[in-house]
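Here is the structure we will look at.
Written out as structure tokens, the structure reads:
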């Protein structure tokens, strides 16, 4: 199912413009959304989820136009949504919360709903604590419940905001894999600050900044743009200075290895390195700061 | 000096947090509108000048005290709960400043911020009295009336509103507080229900109004200045005791964790 | 499914919603019995409990429930409409409160504790009962409607509770002024208890009383309609009460 976004703008009450005439095509499968805080990712996802109404422009999700009430309701029927900060009802147990969300999602058959709740509790490894009240859950456990509720109605469109925040490394890998599996037969929109999550799961991505889409394409294209701009500098201790951005610092004992992104070789001794998606993101943000438009 | 810096820091933070709340101003604006609507001797701040200046100013302060402390008490009731909700209590606990100083700063900061809109509305009435009487004595009288009639009640209410939600669910406290205000200040003892109305413990300011200014109300009439001093001392003393009890409870809870 | 949902809605609102009216009525019953023991007529406090105290408790509970929903973002992404969810919650609170009020009325009657009479004793019992119900139903609905509107406009529990409390005390303190001002009659919340009549109740008083009760219900419905409109503003609903 494709999502076609054209000329989409959102101006909040009070005049804050969160989105500036966005055009984007989101194909089926996993799609990553990257960008700094305040880029407009959450606003875009809330519009796609039918929570907010656009100020102008149109969004077509499959056969439905979400500018209409009927379209929004239809999209909500096939939607799974995990907001960045999912509030829960502290007096309900995890099992009850999932059952309640199932009812809200229109899963009217009690037997099927209960069965689905048990399946998802199993998937998120919370079956043995499912009767505990949510107020006793840790941040990571709440995150897992959030993921479970998003998957309850077997959604065709899954929108997840920072799904792996607060999870331990093992859980994070499990959920990345789960999302990848889900992306095989549906559209999954993954917004995150963790570039690694997108590198591991998405072929396509978009990068937003200040309410605009500054890149849309494949991860390979973004990495390709950065080829020849990533360098390794080994130093005895003094931090290298120049027209570049330090991506990482690795202490090797007697020396320190700096991975930097910049236009030109920063030092005579700098060694070119194979770029990663993170390098590509840093490069793009650097270019944006220099106000050079770079839209693929 | 460090204690002073802690007090000032907390006071400043709490004052700003409360003062910037739009709902604080909206609430007092609505309460002021309700008071302006009431008829009688001062419909829309036009006062009937049928009594001397001193009791006139005192009556204005006392009549505000029927309604505005309710808004003050209810709006202050969420201050401790807010710290817990936003998790800043954990942050504060990890800081070296003593709990007692932080509580004092909190009490002073948010109470002062809550008093400002009340004082502004009170001043509007005083301005109207000044305009009608052309008597500058209204200003010192008003300051005196505000300090002795309104302020002790608000300080009393603030102490309870900050402390009690430590033990009670905030909306339950708010409901009980509104009920208390009626029971302990307005309900006539003649109805037969034991009440604090008309006693020295009533924070509505009747003793100060009657004892210092000669403004008699229905329940408290011809009080002496000594009784007014006793009432003020009781109200302020109890406020202090309540804050000390809160400090003790919070320390006990921290020790248990 | 319908029952499941109702039970979940009740549970997620918390035990406090269930316990509040029960505790209020229990407290009032104790006070009434205490007054009986002291040979003081408890009819006024009994009428006050249903006409004045229960509506305030319900209004504050409604304002608390409506001003914030922990899972609002999730609620706005499901096919079941959020306005209906909120109204379902309001109906649960109202029906529960009404049940407790009715039950308390029956228990008080059984204990031979009387309310302030609104009609002459010669009037049929069913009419007596209906007027007693109307005495608390109208202010309860009015404070529910006002609570919803204030909560959705201010998005703040303390502010909406403070204003409900302010209105409540204003109605009590300035009862004579409200009674004497005809344009304030549509918001005269508690005439039964605050301006009780002794002896034979004049027909024109009853007519005024009945008219104001119906006007109160009318304004309550208008407030609920405004609340329903406010529930269609997702930006307003998402705006967290950060300034609290």
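Residue numbers (the numbering used here), protein chains in the order written: chain A, 18 to 313; chain B, 310 to 566; chain C, -16 to 227. Don't be surprised by glycine CBs; every beta carbon is placed ideally from N, CA and C.
*Cβ atoms of residue 72/A and residue 142/A: under 7 Å apart, would you say?*
Position 125 of the first chain, counting from 1, holds the residue named residue 142/A. Position 55 of the first chain, counting from 1, holds the residue named residue 72/A. No, the pair does not count as a contact, with Cβ atoms beyond the cut-off.
*Which chain A residues are close to residue 60/C, counting only those with a beta carbon under 7 Å from its beta carbon?*
Counted from its first residue, the third chain places residue 60/C at position 77. Going along chain A in sequence order, the residues near residue 60/C (Cβ under 7 Å) are 66, 67, 68, 93, 96, 98.
*If we cut at 7 Å on Cβ distances, does residue 524/B have a partner in chain C?*
As a position in the second chain, residue 524/B is number 215, starting the count at 1. No, residue 524/B does not count as interfacial toward chain C.
*So residue 67/A and residue 87/A are in contact, right, with Cβ under 8 Å, and what is the actual spacing, rounded?*
As a first step, residue 67/A must be located in the first chain, where it is residue number 50. As a first step, residue 87/A must be located in the first chain, where it is residue number 70. That belief does not hold up - the Cβ atoms of residue 67/A and residue 87/A are roughly 11 Å apart, past 8 Å.
*Show which residues of chain C have a CB atom less than 9 Å away from the CB atom of residue 327/A.*
The structure shown does not extend to residue 327/A, since chain A is modelled only from 18 to 313, so the question has no answer here.
*Give the residues of chain A in contact with residue -14/C, contact being defined as C-beta atoms less than 8 Å apart.*
The residue you call residue -14/C lines up with position 3 of the third chain. Ordered by position in chain A, no residue passes the 8 Å Cβ test against residue -14/C, which lies about 10 Å from the chain.
*Would you verify that the beta carbon of residue 53/C is, or is not, closer than 7 Å to some beta carbon of chain A?*
For the purposes of this step, residue 53/C is taken as the residue at position 70 of the third chain. So, interface residue.
_Beta-carbon neighbours of residue 427/B, restricted to chain C and to distances below 8 Å_ = For the purposes of this step, residue 427/B is identified with residue 118 of the second chain, where counting begins at 1. Per Cβ cutoff of 8 Å: no residues; residue 427/B is ~12 Å from chain C at best.
*So with Cβ pairs under 7 Å, would you call residue -1/C a contact of chain B?*
As a first step, residue -1/C is located in the third chain; it is residue number 16 there, counting from the start. So, interface residue.
_Those residues which DSSP pairs with residue 248/A across a bridge_ = By 1-based counting over the first chain, the position of residue 248/A is 231. Bridge partners of residue 248/A: 277/A, 289/A.
_Let me confirm a value: residue 151/C is counted as buried when at least 16 other C-beta atoms fall within 10 Å, else exposed. Which label applies?_
Looking up residue 151/C in the third chain gives position 168. Label assigned to residue 151/C: buried.
*Report the residue from 120/A, 24/A, 214/A, 125/A whose alpha carbon sits nearest the alpha carbon of residue 186/A.*
By 1-based counting over the first chain, the position of residue 186/A is 169. It is 214/A.
*asked:* Run through the DSSP bridge pairs and tell me what residue 77/A is partnered with.
replied: Looking up residue 77/A in the first chain gives position 60. Bridge partners of residue 77/A: 21/A, 82/A.
*asked:* Classify residue 312/A: buried if its beta carbon has 16 or more other beta carbons within 10 angstroms, exposed otherwise.
replied: In the first chain, the residue the question calls residue 312/A occupies position 295. Confidence at residue 312/A is low in this model, with a pLDDT of 44, below 50, so its placement is unreliable and no value can be given for it.
*Under three-state DSSP, which class holds residue 315/B?*
The sequence position of residue 315/B within the second chain is 6, counting from 1. Three-state DSSP puts residue 315/B in a helix.
*List the endpoints of the continuous alpha helix (DSSP H) containing residue 442/B.*
Here residue 442/B corresponds to residue number 133 of the second chain, with the count starting at 1. Taken as a continuous stretch (DSSP letters only), the alpha helix (DSSP H) holding residue 442/B covers 408 to 442.
*Out of 489/B, 363/B, 371/B, 445/B, point me to the one whose CA is closest to residue 39/C's CA.*
Reading the third chain from its first residue, position 56 is the one you call residue 39/C. When each option's Cα is compared against that of residue 39/C, the closest is 489/B.
*First and last residue of the uninterrupted alpha helix (DSSP H) at residue 69/A*: Residue 69/A sits at position 52 when you count from the first residue of the first chain. Counting along the chain, residue 69/A falls outside any alpha helix (DSSP H), and DSSP gives it neither H nor E.
*In this structure, what does DSSP give as the bridge partners for residue 34/A?*
By one-based count along the first chain, residue 34/A stands at place 17. In DSSP, residue 34/A forms a bridge with 28/A.
_Cβ of residue 145/C within 7 Å of any chain B Cβ_ = Residue mapping note: residue 145/C aligns to position 162 of the third chain, counting from 1. By this cut-off, residue 145/C is an interface position.
*Can you pull the chain C residues whose beta carbon is under 8 Å from the beta carbon of residue 384/B, in chain order?*
The sequence position of residue 384/B within the second chain is 75, counting from 1. Going along chain C in sequence order, the residues near residue 384/B (Cβ under 8 Å) are 141, 142, 145.
*Flag this pair as yes or no: are the beta carbons of residue 59/C and residue 169/C separated by less than 7 Å?*
Along the third chain, one-based indexing puts residue 59/C at 76. Along the third chain, one-based indexing puts residue 169/C at 186. Going by C-beta atoms, residue 59/C is not nearer than 7 Å to residue 169/C.
*Kindly say whether residue 18/C, judged by its beta-carbon, lies nearer than 7 Å to any beta-carbon of chain B.*
Mapped onto the third chain, residue 18/C falls at position 35. So, interface residue.
*Determine contact between the segment 359 to 370 of chain B and the segment 409 to 418 of chain B, defined as no fewer than three beta-carbon pairs at a distance below 8 Å.*
no
*Can you find a C-beta in chain C that's less than 7 Å from the C-beta of residue 336/B?*
Your numbering for residue 336/B matches position 27 in the second chain. Yes, its Cβ sits closer than 7 Å to a Cβ of chain C.
*Measure the CB-CB distance between residue 390/B and residue 480/B and report whether it falls below 7 Å.*
In the second chain, the residue the question calls residue 390/B occupies position 81. In the second chain, the residue the question calls residue 480/B occupies position 171. Cβ atoms of residue 390/B and residue 480/B: not closer than 7 Å.
*Figure out for me which residue from 175/C, 205/C, 87/C has the closest Cα to the Cα of residue 228/C.*
Nothing can be reported for residue 228/C: it is not among the residues displayed for chain C, which extend from -16 to 227.
*Are the CB atoms of residue 332/B and residue 144/C nearer to each other than 7 Å?*
Locating residue 332/B in the second chain gives position 23, where the first residue counts as 1. Locating residue 144/C in the third chain gives position 161, where the first residue counts as 1. No, the pair does not count as a contact, with Cβ atoms beyond the cut-off.
*Terminal residues of the continuous alpha helix (DSSP H) containing residue 482/B?*
If you number the second chain from 1, residue 482/B lands on position 173. Looking at the DSSP string, the run of the alpha helix (DSSP H) that includes residue 482/B is 479 to 490.
*Residue(s) in a DSSP beta bridge with residue 206/A*: Here residue 206/A is taken as the residue at index 189 of the first chain, counted from 1. The partner list for residue 206/A (beta bridge, DSSP) reads 48/A, 176/A.
*Please check the pair residue 516/B and residue 468/B, which I expect to be a contact at CB under 8 Å, by giving their CB distance rounded to whole angstroms.*
For the purposes of this step, residue 516/B is identified with residue 207 of the second chain, where counting begins at 1. For the purposes of this step, residue 468/B is identified with residue 159 of the second chain, where counting begins at 1. About 19 Å separates the two Cβ atoms, so there is no contact after all.
_Cβ pair count under 8 Å reaching 3, the segment 203 to 212 of chain A against the segment 43 to 59 of chain A_ = yes
*Are the beta-carbon atoms of residue 201/C and residue 131/C separated by less than 7 Å?*
What you label residue 201/C is simply residue 218 of the third chain in a count that begins at 1. What you label residue 131/C is simply residue 148 of the third chain in a count that begins at 1. No; because the gap between Cβ atoms is not below 7 Å, this pair is not in contact.
*Using a threshold of 7 Å, state whether the C-beta atoms of residue 47/A and residue 205/A are closer than that.*
As a working mapping, residue 47/A is identified with position 30 in the first chain. As a working mapping, residue 205/A is identified with position 188 in the first chain. For residue 47/A and residue 205/A, yes; Cβs fall inside 7 Å.
_Residue-chain proximity (residue 106/A, chain C), Cβ-Cβ < 7 Å_ = Against the first chain, residue 106/A aligns to sequence position 89. So yes, residue 106/A belongs to the interface.
*Please classify residue 225/A: does DSSP put it in a helix, a strand, or coil?*
Counting from one through the first chain, the residue named residue 225/A turns up at place 208. Here residue 225/A sits in strand by DSSP.
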